[in-house]
Amino acid sequence: MRKNAMESLVLLLRGFMLVFRATPFLMPVIVGLSLIGALEPLASLWIMKLMVDRLVKLASAGSFLGVTVLFRSAEFVGLATLMAMQLAVWIGGRAIGGVRDFCFTAARGKFELYVQSKIMRKCADLDLAFFENSNNLDQLERALRGSSMSAWNLLWMFISLAQTSITLLSYIAVLWTLHWLAPVVVLLTTAPQMFSAAHYSNQRWQTWSNKAGESRLRHYIGWIMGDKDCAKEIKLFGLSDYLIERHRYFSQKHFDEELENEKRSEIIEFLVGSLSNLGTISLWTFVITRAAFASITPGDAMLYLGSIDSARGQLVALFSGSGRMYEDILFLSEFFTLMDRDPDTIDGALTGMSGPGSPRWGTLEAPMKIEHGIELKNVSFQYPGSEELILNDVSMFIPANKSVALVGKNGAGKTTLVKLLVRLYDPTVGEILVDGHNLKEYDLHSLRKMFSVVFQDYLTYYLTLRENIGFGDVERVHDSAQIEWAAKQAGAEGIAEKLPLKYETYLARHYGVEGSADLSGGEWQKVALARGFMREAPAIILDEPTASLDAFAEAEIYEQLEGLAKDRLSVIISHRFSTVKVAGLIMVLDKGKIVEQGTHDELIAAGGLYSEMYNTQADRYK
Numbered sequence: 328m329r330k331n332a333m334e335s336l337v338l339l340l341r342g343f344m345l346v347f348r349a350t351p352f353l354m355p356v357i358v359g360l361s362l363i364g365a366l367e368p369l370a371s372l373w374i375m376k377l378m379v380d381r382l383v384k385l386a387s388a389g390s391f392l393g394v395t396v397l398f399r400s401a402e403f404v405g406l407a408t409l410m411a412m413q414l415a416v417w418i419g420g421r422a423i424g425g426v427r428d429f430c431f432t433a434a435r436g437k438f439e440l441y442v443q444s445k446i447m448r449k450c451a452d453l454d455l456a457f458f459e460n461s462n463n464l465d466q467l468e469r470a471l472r473g474s475s476m477s478a479w480n481l482l483w484m485f486i487s488l489a490q491t492s493i494t495l496l497s498y499i500a501v502l503w504t505l506h507w508l509a510p511v512v513v514l515l516t517t518a519p520q521m522f523s524a525a526h527y528s529n530q531r532w533q534t535w536s537n538k539a540g541e542s543r544l545r546h547y548i549g550w551i552m553g554d555k556d557c558a559k560e561i562k563l564f565g566l567s568d569y570l571i572e573r574h575r576y577f578s579q580k581h582f583d584e585e586l587e588n589e590k591r592s593e594i595i596e597f598l599v600g601s602l603s604n605l606g607t608i609s610l611w612t613f614v615i616t617r618a619a620f621a622s623i624t625p626g627d628a629m630l631y632l633g634s635i636d637s638a639r640g641q642l643v644a645l646f647s648g649s650g651r652m653y654e655d656i657l658f659l660s661e662f663f664t665l666m667d668r669d670p671d672t673i674d675g676a677l678t679g680m681s682g683p684g685s686p687r688w689g690t691l692e693a694p695m696k697i698e699h700g701i702e703l704k705n706v707s708f709q710y711p712g713s714e715e716l717i718l719n720d721v722s723m724f725i726p727a728n729k730s731v732a733l734v735g736k737n738g739a740g741k742t743t744l745v746k747l748l749v750r751l752y753d754p755t756v757g758e759i760l761v762d763g764h765n766l767k768e769y770d771l772h773s774l775r776k777m778f779s780v781v782f783q784d785y786l787t788y789y790l791t792l793r794e795n796i797g798f799g800d801v802e803r804v805h806d807s808a809q810i811e812w813a814a815k816q817a818g819a820e821g822i823a824e825k826l827p828l829k830y831e832t833y834l835a836r837h838y839g840v841e842g843s844a845d846l847s848g849g850e851w852q853k854v855a856l857a858r859g860f861m862r863e864a865p866a867i868i869l870d871e872p873t874a875s876l877d878a879f880a881e882a883e884i885y886e887q888l889e890g891l892a893k894d895r896l897s898v899i900i901s902h903r904f905s906t907v908k909v910a911g912l913i914m915v916l917d918k919g920k921i922v923e924q925g926t927h928d929e930l931i932a933a934g935g936l937y938s939e940m941y942n943t944q945a946d947r948y949k
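Under my numbering, think of the first position of the sequence shown as 328, with each following residue one higher.
Here it is, written out as structure tokens:
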């Protein structure tokens with residue numbers, strides 16, 4: 328994706344503004360010190376020129392003057408003064424560079440934190456639909472890997488190029504006094520390197536951009552090879568060699584493309600670099616000829632020779648830096664593309680009551696107690712990019728103050744239904760009402776606080792036990808009494824008792840945090856349940872809440888749940904019919920439709936799908 332000049336300029340300015348917003352006080356200091364430091368090379372070269380000329384005069388005078396008179400001569404005093412000036416330039420330059428580098432390190436840390444925070448905030452603002460699209464994940468990968476470094480490199484490169492430009496202009500001014508064609512020759516013989524650098528910067532970025540998906544896969548394989556939870560299965564099935572080979576294949580494919588680009592780049596660099604060398608030699612010949620005929624002094628000759636070589640070096644740095652700057656602009660474009668994504672334009676994003684473009688949620692505060700219930704009216708749903716209806720014209724009523732169980736075969740749409748209830752997605756067709764109000768009328772944050780949810784694919788946060796439970800109601804994450812209460816309801820209080828730091832124990836021994844510990848699968852499920860119980864919400868939704876628990880722990884959990892569900896709306900999804908049969912109302916989903924509903928006894932008597940599934944499971948215990 329090649330950028331035109333105007334697009335590149337806009338991205339450049341946005342990159343600068345991004346850095347200055349993150350470090351408004353440090354960056355002016357860094358820029359100012361860098362520009363002052365740009366004059367050091369010419370100052371040193373000019374002092375050296377004056378020293379050479381005085382040294383020539385001093386050498387000539389030394390043949391006729393005694394040593395004592397020589398050391399007292401104006402030429403010697405002037406030479407000593409120049410040496411002192413050179414020392415001051417060196418010390419001053421080193422001091423300026425040290426202060427600048429210190430400020431640079433401080434600013435870099437601030438900037439990286441600023442950019443990472445913006446990306447995390449953007450991720451928080453995007454709907455779930457964004458994260459279930461592979462193209463979006465590729466874009467996020469490019470933004471995460473290219474954003475902070477690219478923007479920072481862009482500014483640092485700009486500062487370096489500004490410093491280089493000032494130094495270059497000073498050398499050009501010197502060469503102009505030699506002959507007006509001298510700077511022209513340097514420019515014309517070095518310019519091809521600029522176009523070469525820009526071209527191959529674009530090539531490198533294109534390779535990186537096209538391989539974002541493979542890069543994610545390569546990093547994933549590397550991650551699972553070192554993950555403790557994956558290690559047992561990898562060893563048991565002997566997957567190591569296979570995964571290593573897969574990782575090697577993707578890595579080698581990536582490196583081969585990089586190597587091919589680098590080979591072409593180096594060949595072109597050799598050719599254009601040789602042209603630049605020819606230009607330098609021609610100008611050196613001109614200077615040496617003039618010095619040989621005494622048209623210029625030895626000091627002038629040294630100044631011109633040094634300026635020619637330095638000007639060429641500065642031009643090469645300017646052109647190659649411009650190429651890297653262009654490359655960083657391309658990388659940075661991914662960050663701004665992500666930042667500019669309008670949540671309304673994402674396929675599958677939440678929409679307002681009046682459709683796309685209207686406010687995505689209302690201002691109505693969700694009730695702290697559901698009086699009547701939740702109703703689905705003719706709800707159909709298909710995931711973005713898919714034509715398959717996961718839910719098909721579902722109409723159902725979940726009454727308040729009653730436990731409801733959802734059962735069905737795998738893929739029937741049970742978990743999808745939960746996602747619609749908590750408004751992670753909106754129905755493709757139809758509407759969902761809470762106490763007669765469409766979900767879209769409620770403030771989204773208020774609506775989601777109305778539900779305590781435990782999904783079957785719950786997260787295991789490698790943080791403290793306190794945080795793992797407290798995240799269920801993050802505003803009370805430091806409320807020890809509430810956390811202990813939630814743990815007790817889920818049967819997780821015994822977990823805290825055996826941990827070295829109780830609720831402050833990090834549940835990630837492999838991170839090497841002092842006093843950390845690991846949990847079993849059943850213990851993690853209890854922690855996830857405690858997280859769900861943490862919020863005293865008017866509705867509880869549990870998706871396979873006891874899949875990893877033994878029969879005794881399961882019985883204990885449901886005994887606690889009976890008390891918790893009193894005066895609340897509760898929905899349980901489970902394949903264990905011993906759990907389901909005690910629900911006040913059972914709804915059976917099949918192929919996206921509600922095909923049966925009633926009590927356990929009613930559904931058994933009906934002899935339909937529920938009865939078939941129940942008897943199939945019961946037969947295994949006979």
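Glycine is no exception: its CB is placed at the ideal position from the N, C-alpha and C atoms.
Given Ser897, which residues of its chain have a CB within under 6 Å of its CB, disregarding the five upstream and five downstream residues?
Looking up residue 897 in the sequence shown gives position 570. For Ser897, where only same-chain residues beyond five positions count, the Cβ hits under 6 Å are Ser730, Ile867.
From Leu345 to Pro711, what distance separates their C-alpha atoms?
The sequence position of residue 345 within the sequence shown is 18, counting from 1. The sequence position of residue 711 within the sequence shown is 384, counting from 1. Looking at the two C-alpha atoms, the distance is approximately 33 Å.
Quick one: residues in its chain with C-beta nearer than 8 Å to the C-beta of Ile548, no 5 flanking neighbours on either side, listed in chain order?
Walking along the sequence shown from the start, residue 548 turns up at place 221. Correct list, in chain order: Leu570, Arg573, His574, Phe577.
In this structure, does DSSP put Gln924 in helix, strand or coil?
Here residue 924 refers to the residue found at position 597 when the sequence shown is read from its first residue. In the structure shown, Gln924 sits in a strand (DSSP, three-state: E or B).
According to the neighbour-count rule (16 or more other Cβ atoms, all chains shown, within 10 Å of its Cβ), is Gln443 buried or exposed?
To locate residue 443, count along the sequence shown from 1; it is residue 116. Exposed, by the Cβ-count rule.
What is the rounded straight-line gap between the Cα of Tyr937 and the Cα of Tyr769?
One-based indexing of the sequence shown puts residue 937 at position 610. One-based indexing of the sequence shown puts residue 769 at position 442. In a straight line, the C-alpha of Tyr937 is about 35 Å away from that of Tyr769.
So, helix, strand or coil for Thr791, using DSSP?
Indexing the sequence shown from 1 puts residue 791 at position 464. In the structure shown, Thr791 sits in a strand (DSSP, three-state: E or B).
Determine the DSSP secondary structure at Pro510, reduced to helix, strand or coil.
Counted from its first residue, the sequence shown places residue 510 at position 183. Note: Pro510 maps to helix in three-state DSSP.
Go through its chain and collect everything with a Cβ distance to Val358's Cβ below 7 Å, but skip five positions before and after it.
Indexing the sequence shown from 1 puts residue 358 at position 31. Answer for Val358: Ile486, listed in chain order.
What first and last residue would you give for the alpha helix (DSSP H) that runs through Gly578?
Residue numbering aside, residue 578 sits at position 251 when the sequence shown is read from its first letter. The residue you asked about is not Gly; residue 578 is Ser in the sequence shown. Unbroken alpha helix (DSSP H) run through Ser578: 567-619.
Enumerated in chain order, which unbroken segments of the alpha helix (DSSP H) with a length of 4 residues or greater are wholly contained in the segment 741-781?
741-748, 771-775
Residues bridged to Glu702 (per DSSP):
Position 375 of the sequence shown, counting from 1, holds the residue named residue 702. Note: Glu702 sits in a beta bridge opposite Phe724, Leu760.
With burial defined as no fewer than 16 other Cβ atoms inside 10 Å of the residue's Cβ, what is the status of Ile697: buried or exposed?
Numbered from 1 along the sequence shown, position 370 holds the residue referred to as residue 697. Looking at its Cβ environment, which holds 16 or more other Cβ atoms inside 10 Å, Ile697 is buried.
For Ser390, name the three-state secondary structure that DSSP assigns.
Here residue 390 corresponds to residue number 63 of the sequence shown, with the count starting at 1. For Ser390, the predicted structure reports a pLDDT of 46, less than 50, and the residue's modelled location is therefore unreliable. The matter cannot be settled from this model.
What is the DSSP secondary structure of Asn462, reduced to helix, strand or coil?
Residue 462 sits at position 135 when you count from the first residue of the sequence shown. Helix, per DSSP.
Assign Ser843 to one of three DSSP states: helix, strand, or coil.
Here residue 843 corresponds to residue number 516 of the sequence shown, with the count starting at 1. Correct three-state label for Ser843: coil.
Using CA atoms only, rank isn't needed, just tell me which of Gly606, Leu586, Leu630, Gly425 is closest to Leu505.
Indexing the sequence shown from 1 puts residue 505 at position 178. Taking only the C-alpha atoms, the option nearest Leu505 is Leu630.
Would Asn480 be called buried (16 or more neighbouring beta carbons within 10 Å of its own) or exposed?
Here residue 480 refers to the residue found at position 153 of the sequence shown. Per the 10 Å Cβ criterion, buried.
Inter-residue Cα distance where the pair is Ile717 and Leu353:
Counted from its first residue, the sequence shown places residue 717 at position 390. Counted from its first residue, the sequence shown places residue 353 at position 26. Approximately 54 Å, taken between the alpha carbons.
Starting from Ala732, trace the beta strand (DSSP E) both ways and give me its first and last residue.
Along the sequence shown, one-based indexing puts residue 732 at 405. Segment 730-735, the beta strand (DSSP E) holding Ala732.
Report the three-state DSSP secondary structure of Val915 (helix, strand or coil).
For the purposes of this step, residue 915 is taken as residue 588 along the sequence shown, with counting starting at 1. Val915 falls in the strand class under three-state DSSP.
Going by beta carbon distance, what residues of the same chain come within less than 8 Å of Leu338, once the five residues before and after it are set aside?
Counting from 1 along the sequence shown, the entry for residue 338 is found at position 11. These residues qualify, in order along the chain: Lys330, Ile656, Leu659, Ser660, Phe663.
Return yes when at least one heavy atom of the ligand ZN lies under 7 Å from the C-beta of Gly757, else no.
As presented, the structure is devoid of all ligands, the ligand ZN included, so that no description of it is given.
Which class does Leu397 belong to by DSSP, given the choice of helix, strand or coil?
For the purposes of this step, residue 397 is taken as residue 70 along the sequence shown, with counting starting at 1. With a pLDDT of only 49 at Leu397, under 50, the local geometry of the prediction cannot be trusted, and the value read off the model is given with reservation. Leu397: helix per DSSP, three-state reduction.
For the segment 857-864 against the segment 807-822, do three or more pairs of beta-carbon atoms, one drawn from each stretch, fall closer than 8 Å, so that the two count as touching?
yes
I think Ser592 touches Ala489, with their Cβ atoms under 8 Å apart; what is that distance to the nearest whole Å?
Here residue 592 refers to the residue found at position 265 of the sequence shown. Here residue 489 refers to the residue found at position 162 of the sequence shown. With a Cβ gap of about 26 Å, Ser592 and Ala489 do not count as contacting.
For Ile822 and Glu831, the rounded distance between their alpha carbons
Counted from its first residue, the sequence shown places residue 831 at position 504. Counted from its first residue, the sequence shown places residue 822 at position 495. The straight-line gap from Cα to Cα measures roughly 12 Å.
Alpha carbons only, please: which of Ile673, Leu691, Tyr789 is nearest the one belonging to Arg775?
Stepping through the sequence shown from its first residue, residue 775 is reached at position 448. Comparing Cα-Cα distances from Arg775 to each of Ile673, Leu691, Tyr789, the minimum goes to Leu691.
Output needed for Leu340: all residues of its chain with C-beta closer than 7 Å, excluding positions within five of it in sequence on either side, in chain order.
Translated into the one-based positions of the sequence shown, residue 340 becomes position 13. Within the same chain, Leu340 has no close Cβ partners at all.
Beta-carbon spacing of Val749, Asn705 below 8 Å:
Walking along the sequence shown from the start, residue 749 turns up at place 422. Walking along the sequence shown from the start, residue 705 turns up at place 378. Result no, Cβ atoms of Val749 and Asn705 do not sit closer than 8 Å.
Alpha carbons only, please: which of Ala500, Glu939, Leu869, Asn588 is nearest the one belonging to Tyr785?
Position 458 of the sequence shown, counted from the start, is the residue given in the question as residue 785. For Tyr785, the nearest C-alpha among the options comes from Leu869.
Nearest-angstrom Cα separation, counted from Ile423 out to Thr791:
Sequence index remark: in the sequence shown, residue 791 carries index 464 (1-based). Sequence index remark: in the sequence shown, residue 423 carries index 96 (1-based). Roughly 45 Å separates the two Cα atoms.
Looking only at C-alpha atoms, which of Gly436, Val761, Ile725 sits nearest to Ala693?
Numbered from 1 along the sequence shown, position 366 holds the residue referred to as residue 693. Among Gly436, Val761, Ile725, the Cα nearest to that of Ala693 is on Val761.
If you follow the alpha helix (DSSP H) that Ala819 is part of, which residue opens it and which one closes it?
Mapped onto the sequence shown, residue 819 falls at position 492. That residue, Ala819, is in no alpha helix (DSSP H); it is neither H nor E in DSSP.
Residues in its own chain within less than 6 Å of Ala349 by CB, not counting five upstream and five downstream?
Position 22 of the sequence shown, counting from 1, holds the residue named residue 349. Within the same chain, Ala349 has close Cβ partners Lys437, Phe438, Tyr441.
In the DSSP output, what is Lys870 paired with across the bridge?
The residue given as residue 870 occupies position 543 in the sequence shown. In the sequence as presented, Lys is not what sits at residue 870; that position holds Asp. Ile900.
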